[in-house]
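Enquirer:
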Amino acid sequence: MVAPVATSFSSRPTTPESARVEDDTADEPSATTAAELAPLYRQMLAIRRMEEASAKAYSQGKIGGFLHLIIGQEAVCVGAISTLQKDDYVVATYREHGHAYAKGVTSRAILAELYGKKTGCVKGLGGSMHIFDRETNFLGGYGIVGGHVPIAAGAAFAAKYRNDKRVTLCFFGDGASTIGGFAEGLALAALWKLPVVMICENNQYSMGTPLYRSVAVEDVSLRALAHGMARDRFDGDDVVKVKRRIADAVERARTTGEPTLIEVVTYRFRGHSMSDPGLYRTKDELEEWKRRDPLNRARARLVDTGMPEADIAALEDDVKAEIEDAVQFAESSPVADEYKKYVIKDGEG
Amino acid sequence: MVAPVATSFSSRPTTPESARVEDDTADEPSATTAAELAPLYRQMLAIRRMEEASAKAYSQGKIGGFLHLIIGQEAVCVGAISTLQKDDYVVATYREHGHAYAKGVTSRAILAELYGKKTGCVKGLGGSMHIFDRETNFLGGYGIVGGHVPIAAGAAFAAKYRNDKRVTLCFFGDGASTIGGFAEGLALAALWKLPVVMICENNQYSMGTPLYRSVAVEDVSLRALAHGMARDRFDGDDVVKVKRRIADAVERARTTGEPTLIEVVTYRFRGHSMSDPGLYRTKDELEEWKRRDPLNRARARLVDTGMPEADIAALEDDVKAEIEDAVQFAESSPVADEYKKYVIKDGEG
Amino acid sequence: MPVQSYRDALNHAMREEMDRDPNVFIMGEEVGHYNGAYKVTQGLLQRFSERRVIDAPIAEMGFAGVGIGAAMVGLRPIIEFMTFNFSLVAIDQIVNNAAKIYQMSAGQFHVPIVFRGPGGPAVQVGSQHSQALESFYAHVPGLKVVMPSTALDAKGLLKSAIRDDNPVVFIEGETLYNTTWEVPDDGELLIPLGKGDIKREGSHVTLIAWSKMVWVCLEAAKELAKDGIECEVVDPRTLRPLDVDLLASSVQKTGRCVIVEIGWPVAGFGAEVAYQVQRLCMDALDAPIERVTSDDVPMPYAKNLEDEVQPQVRDVVAAVRRVLYLD
Amino acid sequence: MPVQSYRDALNHAMREEMDRDPNVFIMGEEVGHYNGAYKVTQGLLQRFSERRVIDAPIAEMGFAGVGIGAAMVGLRPIIEFMTFNFSLVAIDQIVNNAAKIYQMSAGQFHVPIVFRGPGGPAVQVGSQHSQALESFYAHVPGLKVVMPSTALDAKGLLKSAIRDDNPVVFIEGETLYNTTWEVPDDGELLIPLGKGDIKREGSHVTLIAWSKMVWVCLEAAKELAKDGIECEVVDPRTLRPLDVDLLASSVQKTGRCVIVEIGWPVAGFGAEVAYQVQRLCMDALDAPIERVTSDDVPMPYAKNLEDEVQPQVRDVVAAVRRVLYLD
Ligand SMILES: Cc1ncc(C[n+]2csc(CCOP(=O)(O)OP(=O)(O)O)c2C)c(N)n1
Ligand SMILES: Cc1ncc(C[n+]2csc(CCOP(=O)(O)OP(=O)(O)O)c2C)c(N)n1
Ligand SMILES: [Mg+2]
Ligand SMILES: [Mg+2]
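Chains as they are written, first to last, in the numbering used here: chain G, 1216 to 1564; chain U, 1216 to 1564; chain P, 1122 to 1448; chain V, 1122 to 1448.
#1: Within the same chain, show all residues whose beta-carbon is closer than 7 angstroms to that of K1505 (chain U), passing over the 5 residues directly before and after it, in chain order.
#2: Would you give the residue range spanned by the beta strand (DSSP E) that D1129 (chain P) belongs to?
#3: Beta-carbon of G1280 (chain G) versus every beta-carbon of chain P: anything under 9 angstroms?
#4: Against chain U, with Cβ distances strictly below 9 angstroms, would E1399 (chain G) count as a contact?
#5: May I have the straight-line CA-CA distance separating P1313 (chain V) from M1139 (chain V), to the nearest angstrom?
#6: Can you list, in chain order, the residues of its chain with a C-beta nearer than 7 angstroms to that of G1188 (chain P)? Leave out the 5 residues immediately preceding and following it.
#7: Report all residues from its chain with a CB closer than 7 angstroms to the CB of G1238 (chain P); omit the five preceding and five following residues, and keep chain order.
#8: According to DSSP, is V1161 (chain P) helix, strand or coil?
#9: Looking only at C-alpha atoms, which of G:A1551, G:L1340, G:S1392 and G:K1318 sits nearest to G1294 (chain G)?
#10: Check whether chain V comes within 9 angstroms of H1270 (chain G), counting only Cβ atoms and requiring the distance to be less than that.
#11: Using the Cα positions of E1289 (chain U) and K1276 (chain V), report the straight-line distance between them to the nearest angstrom.
#12: State the start and end residues of the unbroken beta strand (DSSP E) segment that holds G1240 (chain P).
#13: Compare the beta carbon distance of P1244 (chain G) and V1455 (chain G) with 9 angstroms and say whether it is the shorter of the two.
#14: Buried or exposed: where does K1535 (chain U) fall if 16 or more other Cβ atoms within 10 Å of its Cβ makes it buried?
#15: Below 8 angstroms on the Cβ atoms is my contact criterion, and I expect V1426 (chain P) with Y1554 (chain U) to pass it. Report the Cβ-Cβ distance as a whole number of Å.
#16: Does any C-beta atom of chain P lie closer than 9 angstroms to the C-beta of K1424 (chain V)?
#17: Just the C-alpha distance for M1182 (chain P) and G1263 (chain P), rounded to the nearest angstrom, thanks.
#18: For C1385 (chain U), write down the residues that DSSP places opposite it in a beta bridge.
#19: Could you list which residues in chain P have their beta carbon closer than 7 angstroms to that of R1428 (chain U), in chain order?
#20: Within 10 Å of its beta-carbon, does G1391 (chain V) have 16 or more other beta-carbons around it, so buried, or fewer, so exposed?
#21: T1471 (chain U): beta carbon under 8 angstroms from a heavy atom of ligand 1?
#22: Can a CB atom of chain V be found closer than 9 angstroms to the CB of K1221 (chain P)?
#23: Taking a Cβ distance cut-off of 8 angstroms, strictly less, list which residues of the region 1409-1427 of chain G are near chain V, in chain order.
#24: When you compare the CB positions of V1337 (chain G) and Q1245 (chain P), do they come within less than 9 angstroms of one another, or not?
#25: Let me know the alpha helix (DSSP H) ranges lying completely inside the region 1299-1358 of chain G, each 4 residues or longer, listed in chain order.
#26: How about L1437 (chain G): is its C-beta nearer than 9 angstroms to some C-beta of chain P?
#27: Within the continuous alpha helix (DSSP H) that includes I1222 (chain P), where are the two ends?
#28: Among U:M1413, U:Y1256 and U:A1370, whose alpha-carbon lies nearest the alpha-carbon of V1194 (chain V)?
#29: Within 8 angstroms: the Cβ of E1181 (chain V) and any heavy atom of ligand 1?
#30: Q1224 (chain V) touches chain U at which residues, Cβ-Cβ below 7 angstroms?
#31: Suppose the cutoff is 6 angstroms on Cβ atoms and the five residues either side in sequence are ignored; what does the same chain contact list for S1332 (chain V) look like?
#32: Which complete alpha helix (DSSP H) runs does the region 1340-1398 of chain V hold, if anything under 4 residues is left out?
#33: Cα separation between P1305 (chain P) and P1123 (chain P)?
#34: Measure the Cβ-Cβ separation of Y1309 (chain G) and H1283 (chain G) and say whether it is below 9 angstroms.
#35: Shorter than 9 angstroms from the beta carbon of G1369 (chain U) to some beta carbon of chain P?
#36: In chain G, what lies closer than 9 angstroms to G1390 (chain U) by C-beta?
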């Protein structure tokens, strides 16, 4: 019954080739100033240091469960979210510490959450994957791949319903591009013309699977074509460029209400989560990407803008102090203690 | 909190414009012969008469539940399935009497099933929506929109696994184009290069909703673009043309193993199901489509091929006799009587 | 008092709540232009326009999620599933998002949303369209689950559900839409979620049932009354939270309990009811608790088989006689 | 006898069955090149090549359906869910297709498929990743549901599941992979589905538990033995079909019953067990049946809260003492 011919179901050999974007602006840095770039650099650095601190705490057993770090990808969330106003919404995945921080959640609240402390942004109930913050309109980190995409469309639906001009950014991974929740959320956003920007952070792997083994065509942004939706695709290591390109889409959403699908090509320097040794990629591949570290790139550009080295160093010291304080805060906070309170609102309504 | 501006979520006024395909072959009838066309015409006519008989039986209370007729769309299933070999698979929706018949299920077995009789193709257990037939490799009629698309990919997967060169045809409606099951089935077929032809029967409505209120772009075949998949789109009222165009895709699947997404534009003359009065469309619209009735068209072409009127009439009498016999068979068959037997195979395995 | 159909009661509940609160909207397949596959939303599009009555394409996972996102930021969506059979493609949104966002956000976001539509077998629609999924939803903390049996309950409970700050799964009886009941013409008719109702008083046996099975129990009770057997028919109305006190006090009185449910037996909601009753009434029980349920099979299409599979009045009568040791 | 880990037992079961039958293949996220998110499929890609060990993209609904279609035409797929939490996006395929195709086709097509993967809370993975969904699947006729507690059962039951002609939902304990048990080195080690097992004999109280909770019960039994209380620990192993005879005969003997489950209480599978036990053993029962379950809440992240929510040995001990009226 079984044919003797071995049939392979994967479309390419297993060694990935680097999947850089064909993009004519790829190597032209976007014009910027110290005033614009310094706060972006500061945020990226704070996210990097915060995540390094969390990795350390994890290895000491102070953080548990799944911990997904965004190290290497910081320019995407920082550049994208810098285009928003406070009232705008952000919806993200389980890899969302950076997005929460960029939207205004403090490093204290994030780290305390990872430590499972009462002072965490969700009182130790959510942990790394489920950061929520009403104050900054951070609508959450979600653990089911693709499941949050319709939720982002829903926040945008509310903005359209109220005509309040708020914009929603929705972040998801390249691996989410094959799941129904993404397809349905995208279709509804297009049909109803909802003011949402769907941002695929293509870090080229979903866990250990390179994108070419997940999709037939390695360009997630093409999904927009069938919906007549605006789309964009670019490299994500220049934070200013990310900001510019996302700003166009945010502007489109704000003024015309129309959605955009954007794919940003990036790379994570760490494993999928803390337990992943990353054996599916070569050291060379990783090193190549590290040479394009968005933080180094931003720092170098900051120097180019004429910002004095002493000022940069002061900024860096400030970040160091902030994260040290946040770690200290998380360490010394009391453990989580309430959990029955947040099941049903207002008793038996 | 609510803006005073009324916001419409539908993208066009509610009167649909006729959605004909831009297709340079639209009005050139494909060359054919009586030998080719006569059996196709016979099948279409038998399906029409069988469905008319079932509508009558429904109104007499002899058939219950949901009854979805394909009247007006017969050229699609007949033309498409005529390209297959017996070993090939067909997977369809709840609107599948025609597909089953075209694959070789008898009108007796289909009508007896609709009557809930023991002699029905699934012994009265499935009814109109769930026709299955192992003998002809008809893998079923399914009631959950989109849910059968992955199953079709699975049958094609098995063909690839065994390298047995079988081809799978999967039929679904325009309304299925927004659901996750379709998106995932399509993505997997493309990724794994499965020998399946995905055929969207775009009859322009999902229940009472015209396609322009279901999707942002009224071209379901565009979904193929993002997957690098072959696609086609054409009018479905010329059965020979349907046969030719589907044959190309079947050939592709059989020889290269590659999938194709095809949209066939058609129209159903009856309501969505027997309980639907079809108030969402105008009489004029319906009449315009009826003028393009694929049966009339096929009959006229049969005359053109030189088939004597007497032979055509004989064929029509034959169909009449077949369906009368099938009705008689259904009426006189014993009622269904087994149902506990088909829950778990072989007792408590 | 005016008599109203279950369908109209639901329709008026939505209309009144949409009149009352501009944040309430309804979304689902065919709810607008088509006036609802079962006409429950009749006239709402005309009254409230396309902004608030939104026809959705076939994408239950997507529009359930859209409702959840909208609810998080302050709207109060009513999401109609054409039938609850189709909620299975959206259940991840309900279980993993709607039910958990209040908890995951430590109370910062809540999800005031109603998922509603008909559930349970209808007539001859086959196995994929004939299932009672209440035990799935009742299992999940963070949800409320409501299953009204009468037009009165339908109206009062749906209004409460729409005003509730939590996600509510509201399962209507697909075969109850044409049933009627006395319903006061009162815009503030609010029946609290979590309170059961005694649909008929009796002292010999307690029958516990919800949705359509209440009607079957009432019929059985009538028949049994002819033999002098008085059944108390208790309708919890809300499965989560469950009014265990009401159920227990009835069984304390009667000492016998039959649970009647339209769905499959194994791990159905009736099992939970049985557990609670035996826990609270073990000493009072004069016989084991009996369940009358659907046969443990996917639903066949043929009418004769479908009737055989579903709980009938005669099955309830037989079970009552068994717990009374009369046969 | 050689001792083996639960993980290796599962791995060997699949390897042996794939050696035995060329129609068996495995498909799921990261099952191939990554050797499985939990390493259960370690080495299978190398042994069987990409044709039979297929890495799927994130599309559970899609690849569950692909498995079903392939099974209909004669293959025997093993579909791995990275965890059963993600089966919720595929549940429509399992309930409406896998479970019903044998019935809908009146026996013409059957679906020999295994859906497997870890289920139940792990450690600190939060509410969306910590749920025990066995009561959903056990509700559905047409499915079998298996939940092994030991490496021995894991191997013998998985081999039987792969050879079974019906769809089997095979839920592994996410925290059991490293546990060990004596497992004979026997390629024909087949434990029949639907047969329970007594994991410890005792005469005072019957503890009914499956998967990880068997271990908790064994610990509790050890502790209680110090006070002279002898618990019988009964593991149904298969929830559907359920070995009610074994459960009932134990309770007939002991007269007391505590059901321990890791999931939510309301309409959990424990309710079904309780219904069956009270039905068959009402006269023998000297105390109401007790359940020990998770708290009725979405799972919190913090370790201290997570421990509080889940059933612990001390909770089982307390319940046993309650049904013995010792406190
Ligand atoms: C529906 C579902 N299936 C599987 C998983 C397990 N899982 C968690 S993250 C992940 C990979 C996601 O990859 P991608 O979308 O590229 O995001 P990244 O982790 O790279 O940021 C998988 C398979 C899940 N969380 N949800
Ligand atoms: C998941 C799901 N949602 C809703 C339905 C109810 N329903 C049955 S048919 C139908 C319309 C389908 O339209 P289309 O796909 O265009 O097929 P057609 O009926 O026109 O052949 C709907 C909404 C269903 N069966 N399944
Ligand atoms: Mg990725
Ligand atoms: Mg259609």
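We put the beta carbon where it would ideally sit given N, CA and C, even for glycine.
If you're wondering where the values come from, they're calculated on a predicted model, not measured in any experiment.
Expert: Looking at the atomic coordinates:
#1: F1484
#2: Counting along the chain, D1129 (chain P) falls outside any beta strand (DSSP E), though it belongs to the alpha helix (DSSP H) covering Y1127 to R1141.
#3: no
#4: yes
#5: 19 angstroms
#6: M1148, P1198, I1200 and I1234
#7: E1201, F1202, M1203, T1204, F1205 and E1293
#8: coil
#9: G:K1318
#10: The sequence shown places Ala at residue 1270 (chain G), not His. By this cut-off, A1270 (chain G) is not an interface position.
#11: 52 angstroms
#12: V1235 to G1240
#13: yes
#14: exposed
#15: For clarity, residue 1426 (chain P) is Leu in the given sequence; the question names Val instead. About 5 angstroms; that satisfies the 8 angstroms criterion.
#16: no
#17: 19 angstroms
#18: U:V1306 and U:M1413
#19: D1176
#20: buried
#21: no
#22: yes
#23: S1421, M1422, G1423 and T1424
#24: no
#25: 1312-1318 and 1322-1329
#26: no
#27: I1222 to M1225
#28: U:A1370
#29: yes
#30: L1340, Y1557 and V1558
#31: M1268, S1270 and G1294
#32: 1365-1375
#33: 6 angstroms
#34: yes
#35: no
#36: Simply none; closest approach about 12 angstroms.
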